[in-house]
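Q: Numbering (UniProt numbering), first residue to last: 1 to 1029. I am attaching a structure below and will ask some questions about it afterwards.
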Amino acid sequence: MEAGDGYGGRTETQQTSDEVSLQPEWRRRTASTGRDQNLTLQPEWRRGRSIASPSPSGASDEVQKKEEEQKKEILFQPEWRSSKVNASSVWEPEWRRSKSTATAYPWNQNYGVRKPVGSSSGGVQRGKNIDESRRNATPLDSAVPKLERLQISENLATSSCSLEKKDKTLPIRRPDNGGTLAVLTRTLRVNHFPVKFNPDSIIFHYNVNVKSKFSSKVGQPRKLSNADLSVIREKLFSDDPERFPLDMTAHDGAKNIFSAVQLPEETITVEICEGEDEKITSYSVTLTLLNKLRLCKLMDYLCGHSFSLPRDILQGMDVVIKENPNRCTISVGRYFYPTNPPLVMKELRPGIIAVGGYHHSLKPTSQGLSLCVDYSVVPFRKQMSVLDFLHERIENFSLGEFEKFRKYVEEVLIGLKVSVTHRKSQQKYSIVRLTPTATRYVTFPIDHTKGWKLEKEVSLLSFFNDKYDKDIVYKDIPCLDLGKGNKKNYVPMEFCVLAEGQRYPKERLDGVSAKTLEAMALAHPSERQGAIQKMVQSSDGPCGGDHIHNFGMRVCTTMTTILGRVIGPPELKLGDRNGKNIKITVDLDKCHWNLAGRSMVEGKPVEHWAILDFTSVGPYNKKLRRKEFVEKLIGKYKKLGILMQEPIWYEESSMKILSSHDLLSELLEKINNICKNSQGGLQFLLCVMAYKNPGYKYLKWISETKVGIVTQCCLSNSANQGDDKFYTYLALKINAKLGGSNVELNNRLPYFEGDEHVMFIGADVNHPGFRDNKSPSIVAVVATVNWPAANRYAARVCPQFNRSEKILNFGEICVELVGCYWRANGVRPEKIVVFRDGVSEYQFDMVLNEELLDLKRAFQRLNYFPTITHIVAQKRHQTRFFPDSWRDGSSSGNILPGTVIDTKVTHPFEFDFYLCSYYGSLGTSKPTHYHVLWDEHKFTSDELQKLIYEMCFTFARCTKPVSLVPPVYYADLAAYRGRLYHEAKIGMQPKKSKASSSSKDSSSVPPTALFEQGFYRLHADLENIMFFI
1 MEAGDGYGGR TETQQTSDEV SLQPEWRRRT ASTGRDQNLT LQPEWRRGRS
51 IASPSPSGAS DEVQKKEEEQ KKEILFQPEW RSSKVNASSV WEPEWRRSKS
101 TATAYPWNQN YGVRKPVGSS SGGVQRGKNI DESRRNATPL DSAVPKLERL
151 QISENLATSS CSLEKKDKTL PIRRPDNGGT LAVLTRTLRV NHFPVKFNPD
201 SIIFHYNVNV KSKFSSKVGQ PRKLSNADLS VIREKLFSDD PERFPLDMTA
251 HDGAKNIFSA VQLPEETITV EICEGEDEKI TSYSVTLTLL NKLRLCKLMD
301 YLCGHSFSLP RDILQGMDVV IKENPNRCTI SVGRYFYPTN PPLVMKELRP
351 GIIAVGGYHH SLKPTSQGLS LCVDYSVVPF RKQMSVLDFL HERIENFSLG
401 EFEKFRKYVE EVLIGLKVSV THRKSQQKYS IVRLTPTATR YVTFPIDHTK
451 GWKLEKEVSL LSFFNDKYDK DIVYKDIPCL DLGKGNKKNY VPMEFCVLAE
501 GQRYPKERLD GVSAKTLEAM ALAHPSERQG AIQKMVQSSD GPCGGDHIHN
551 FGMRVCTTMT TILGRVIGPP ELKLGDRNGK NIKITVDLDK CHWNLAGRSM
601 VEGKPVEHWA ILDFTSVGPY NKKLRRKEFV EKLIGKYKKL GILMQEPIWY
651 EESSMKILSS HDLLSELLEK INNICKNSQG GLQFLLCVMA YKNPGYKYLK
701 WISETKVGIV TQCCLSNSAN QGDDKFYTYL ALKINAKLGG SNVELNNRLP
751 YFEGDEHVMF IGADVNHPGF RDNKSPSIVA VVATVNWPAA NRYAARVCPQ
801 FNRSEKILNF GEICVELVGC YWRANGVRPE KIVVFRDGVS EYQFDMVLNE
851 ELLDLKRAFQ RLNYFPTITH IVAQKRHQTR FFPDSWRDGS SSGNILPGTV
901 IDTKVTHPFE FDFYLCSYYG SLGTSKPTHY HVLWDEHKFT SDELQKLIYE
951 MCFTFARCTK PVSLVPPVYY ADLAAYRGRL YHEAKIGMQP KKSKASSSSK
1001 DSSSVPPTAL FEQGFYRLHA DLENIMFFI
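Here it is as structure tokens:
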């Protein structure tokens, strides 16, 4: 490592005074007392400086190296070994800083501080006998804390720094050959198609550098789009097919070309005709060989001889497979939509159609390389003439009164892509603007070198007549400017057609269109399976043509057949009307249970609640029938055996107040104060709205961060017409928010049958919408606070950098949640299972080597060493399972709930599996993919699969198992609540402030510069309850 890498390259004598002031608070306190810095608990990047001393001037490299090796044992001790002072100098979370010494902490008194013991490693480090260390890790000495099992690199400065490749810990290996536990086995088909390839083949990876040769009159060269690059590449290969064979290459649409043969590495000039005057623009194209992708490396990985996934090879093969559909279909990102003929097409509304297509990706699996293909439906703009589009899109539109509609025309046209009909061209143009004058008055300068008359300018009418023999019919309306940069390109509207393949945003669809699109996306399993099979076998699909064959690849066009195991549902615990617990069983087909004649395990009596009726003032047809509503809700509580009194306050209001956060805040404060002063406190406030309103975000932010009251919202129409099911689910949500327990497992969670306390943590990051590079990403971390039921959660919500997937300060957040657990139970959890949501396989390294490391270090600083298992839950994947026959599926045609798959289509050697934990009544069931990155509990496949499946029955707001393990499900809900807080903050900013903030890219600005961190801080009365459910 070079000087300055990791440690800053300076020794203790070179530190300046400002370095001390920038140290963490716990470090500054120790430095100010003059204690021995070498013995103080410090981050590794600080310990390296404080222990190392400068070598004598002129010392040789060998001497320095020898001295460094002699100091290595001290220099790179784990932090827990370097701390020899009392715990008051150690960093402490906010909820523990009032204590001064370790002996004063309640954790260290009579609750039994867990001492570190040796056990097997939870992960694998590169550079060792990987196979042996993954299968049978050698137990560590009992004196070594569990933190050392993460094998913190000696060269690692902080958890936020990048790790050297050799130091990274890899996900654990599968502990067995898969599970065997099952009450049923079913034959299934999966949308994975085996890919065969020649391991001796080489794919040549080239970089394509394209530069335009503009004259000095034009100005700076413009940035070329991916469409421009594709046109230039096609021209290059068509001009010289012998040296640049098109059928032997694949282009990713940007700067990468993958070839089955070597291509010339030289600079070639390519000439393209552009614009209405068909000027020839010259481009210089330079090909540079970047890499030779040897497919034998991929084969080594699939066979288990190598544990480093060759992502570059997968990328190259993926581009090769996408080449044929890229040429034959509409491509939108990673999705492809055939249109000739269309797979599925339906009109949503005038000018908007829904088109069926597919997405595919390559996956390394136990059976080898697989092509995963899945079905997708997306709305597009219909290909039609611009004039027809305006008549359909704008109500009462008339060409004779064009200026009257100019503003609306600009709104709907600018930014759309069009193609032209007056000449043969496949090029697409973006509409930049409308000309300020009518077409008859539009002129432009002409290039005299093309042989035209010597006028300085020519009218558009004469140009089209002379050049294309076209008479312009609509002379009194503006034309479209399709130019790029400073270059104008005027084309009459009558010669423009909306280009094919323009995606229409789903959020802009009206209610009817959105429901139609949803119905098309929720295809029946048999329909989805047939559509996938059709796409794979079509000529314009990923296997069509001879393109992939030229690269030595073959794709089987038959779905993989696999055996799925069905795990039996657990016995559940509910209450009866007398307050006693009863055991119930659920059916295997739907796994649904009924509360009729039963109650929650722990129902919280409701004595102090109020109603805020937003429908009582104003011209609303859906006013709340208050008396009837209250009677039904109290009646439902009575049936459940729970006391519910009449509301202590009823407030009439209007929907309009939701649009004013100031008035809404005053109203909520008033209600809270009235109830607090007269009745001693408000358990919850039931808010009834006439319709879904954007002011919902203000209501939640004000009540949950400022006032500190629990709110439950519902629509008046649902309240007036709601059946028994509506009131049951409403009661379930209210009871969970008040700290009650709706359902529990009759037996303890599998595997955790001892006396040790266990905590489950869920973490998720909610990112802003598409193309939003200003708003922060929202982190939510939830954790259980009760045991052994493990069904009540506390949550923490905080913002971080725009689109940053890594959770900043993950360890500190979890330490705070452990404090919540301790305050509720008087003891710390000795076992922790972390479920992480929202990360792809390419981010496993970040989760394992940064987030988990941050968590370990945060616990270690408190001399706290629980055993940890870290699991990633993935729901955004394309793998789908289908019953092989109707006998193998459920009544809806889906796979049975409890189906688990951990062979053939799972990872070649890492610990992962697919679990469908719910009954899919609509569309095709989507199993969750669980991937274990780190495991100190030594779960077997059966133990972990059964644990997760049974946890899915403990979700609080329904009477059936859910598709995602509850810690992750709750984290997702809490993160969305944080997103609402941010939207409330944006909505409360003055318009001028919004405009000024939008001019900056907040991805490079710390969140504190954009908003107050305290804006997301929950009120103290709500931070440890399930307010988000």
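Idealized CB from N, CA, C, for every residue including glycine.
Between which two residues does the alpha helix (DSSP H) containing aspartate 374 stretch?
A: Taken as a continuous stretch (DSSP letters only), aspartate 374 belongs to no alpha helix (DSSP H), being part of the beta strand (DSSP E) at 368-381.
Q: Is the beta carbon of lysine 856 less than 9 Å from the beta carbon of glycine 811?
A: Yes, Cβ-Cβ distance for lysine 856 and glycine 811 is below 9 Å.
Q: How would you write the range of the beta strand (DSSP E) that leucine 188 sits in, first residue to last?
A: Its beta strand (DSSP E) spans residues 184-190.
Q: In whole angstroms, what separates the C-alpha of valine 373 from that of histidine 360?
A: Answer to the nearest angstrom: the Cα atoms are 4 Å apart.
Q: Suppose contacts are defined by Cβ-Cβ distances below 9 Å. Is glycine 230 in contact with glycine 253 by that definition?
A: For clarity, residue 230 is serine in the given sequence; the question names glycine instead. It is a contact, given that the beta carbons lie within the stated cut-off.
Q: So what's lysine 1000 in DSSP terms, helix, strand or just coil?
A: Here the model assigns lysine 1000 a pLDDT of 42, short of 50, so the residue's position is not dependable and the matter cannot be decided.
Q: Hey, would you say phenylalanine 433 sits closer than 9 Å to aspartate 481, going by beta carbons?
A: Position check: residue 433 holds arginine in this sequence, whereas phenylalanine was assumed. Their beta carbons are under 9 Å apart, which means arginine 433 touches aspartate 481 by this criterion.
Q: For the pair the region 630-644 and the region 671-678, tell me if three or more CB-CB distances fall below 8 Å.
A: The answer is no - the region 671-678 does not touch the region 630-644, with fewer than three Cβ pairs under 8 Å.
Q: In three-state DSSP terms, what is proline 93?
A: Low confidence applies to proline 93: its pLDDT is 43, below 50, so where it sits in the model is not reliable enough to give any reading.
Q: According to DSSP, simplified to helix, strand and coil, what is serine 83?
A: The pLDDT assigned to serine 83 is 36, lower than 50, so where the model puts this residue is not dependable; a value taken from the coordinates is nonetheless given after this. DSSP places serine 83 in coil when its eight states are reduced to three.
Q: Beta strand (DSSP E) containing phenylalanine 760: first to last residue?
A: First-last of the beta strand (DSSP E) with phenylalanine 760: 758-766.
Q: So serine 837 is in the beta strand (DSSP E); what residue range does that whole segment cover?
A: Residue 837 is actually aspartate in this sequence, not serine. Where aspartate 837 is concerned, the enclosing beta strand (DSSP E) stretches over 831-837.
Q: Count the other C-beta atoms from every protein chain shown that fall within 10 angstroms of the C-beta of isoleucine 353, then say buried if there are 16 or more, exposed otherwise.
A: With 16 or more Cβ atoms within 10 Å of its Cβ, isoleucine 353 is classed as buried.
Q: So, at 6 Å on beta carbons, what are the nonlocal neighbours of valine 285 in its own chain, with the 5 sequence-adjacent residues on each side left out?
A: For valine 285, where only same-chain residues beyond five positions count, the Cβ hits under 6 Å are Val210, Leu236, Ile268, Val270.
Q: Taking all protein chains shown into account, decide if lysine 733 is buried (16 or more other Cβ within 10 angstroms of its Cβ) or exposed.
A: That one is buried.
Q: With DSSP as the reference, label methionine 1026 as helix, strand or coil.
A: Methionine 1026: coil per DSSP, three-state reduction.
Q: Below 8 Å on the Cβ atoms is my guess for leucine 188 versus glycine 564; work out the distance and round it to an integer in Å.
A: Confirmed, Cβ separation roughly 5 Å.
Q: If the criterion is Cβ atoms closer than 9 Å, does the pair valine 968 and aspartate 837 meet it?
A: The answer is yes: Cβ separation under 9 Å.
Q: For phenylalanine 726, which residues in the same chain have their Cβ closer than 7 Å to its Cβ, ignoring the five residues on either side in sequence?
A: Ser718.
Q: Run the CB neighbour count on serine 963, radius 10 Å, all protein chains shown included, and call it buried at 16 or more, exposed below.
A: By the neighbour-count rule (16 or more Cβ atoms within 10 Å), serine 963 is buried.
Q: Within its chain, find whatever has a CB closer than 7 Å to the CB of glutamate 704; leave out the 5 residues flanking it on each side and keep chain order.
A: Around glutamate 704: Leu1018, His1019, Leu1022, Phe1027.
Q: Could you tell me the distance, in whole angstroms, from the CA atom of asparagine 747 to the CA atom of glutamate 753?
A: Distance between the alpha carbons of asparagine 747 and glutamate 753: 9 Å.
Q: Please report the distance separating the alpha-carbon of phenylalanine 955 from that of valine 743.
A: For phenylalanine 955 and valine 743, the distance between alpha carbons rounds to 8 Å.
Q: Hey, aspartate 935 and phenylalanine 911: beta-carbon distance below 9 Å or not?
A: Yes; because the gap between Cβ atoms is below 9 Å, this pair is in contact.
Q: Tell me, please, whether the region 373-383 touches the region 530-538 by the rule of three or more beta-carbon pairs shorter than 8 Å.
A: Touching, yes, given that three or more Cβ pairs across the two stretches are closer than 8 Å.
Q: Counting C-beta neighbours from all protein chains within 10 Å, is the total for cysteine 496 16 or more, i.e. buried, or is it exposed?
A: Cysteine 496 is buried by the Cβ-count criterion.
Q: Which residue wins for smallest C-alpha separation from phenylalanine 551, given the options Pro379, Gly178, Met248, Thr557?
A: For the residues Pro379, Gly178, Met248, Thr557, the minimum Cα distance to phenylalanine 551 belongs to Met248.
Q: Our contact map puts serine 777 next to phenylalanine 801 with C-beta atoms below 8 Å; I'd like the distance itself, whole angstroms only.
A: Contact flag correct, Cβ pair sits at about 7 Å.
Q: Return the chain-ordered list of same chain residues with a C-beta closer than 8 Å to the C-beta of threonine 329, the five sequence neighbours on each side being excluded.
A: Correct list, in chain order: Phe336, Tyr337, Pro338, Thr339, Gly357, Asp540.
Q: Which of the three DSSP states, helix, strand or coil, is assigned to isoleucine 130?
A: Residue placement at isoleucine 130 is poorly supported in this model, since its pLDDT is 37, which falls under 50; the coordinates still yield a value, given next. Isoleucine 130 falls in the helix class under three-state DSSP.
Q: Checking 9 Å against the spacing of the C-beta atoms, do glutamate 571 and threonine 585 come in under that value?
A: Cβ distance < 9 Å, so glutamate 571 and threonine 585 count as in contact.
Q: For phenylalanine 844 and valine 872, which I take to be in contact (beta-carbon distance under 8 Å), what is that distance rounded to the nearest angstrom?
A: About 7 Å; that satisfies the 8 Å criterion.
Q: Along the chain, where does the beta strand (DSSP E) that runs through glutamate 652 open and close?
A: Start and end: 649-654.
Q: Over the uninterrupted beta strand (DSSP E) stretch that includes asparagine 207, give me the two end residues.
A: Element bounds for asparagine 207: 202-212.
Q: Out of Ile562, Pro908, Met559, which has the shortest C-alpha to C-alpha gap to residue 1034?
A: This structure cannot settle anything about residue 1034, because the visible part of the chain is limited to 1 through 1029.
Q: For a test of the three-state rule: what should DSSP assign to tyrosine 620, helix, strand or coil?
A: In the structure shown, tyrosine 620 sits in coil (DSSP, three-state: anything other than H, G, I, E or B).
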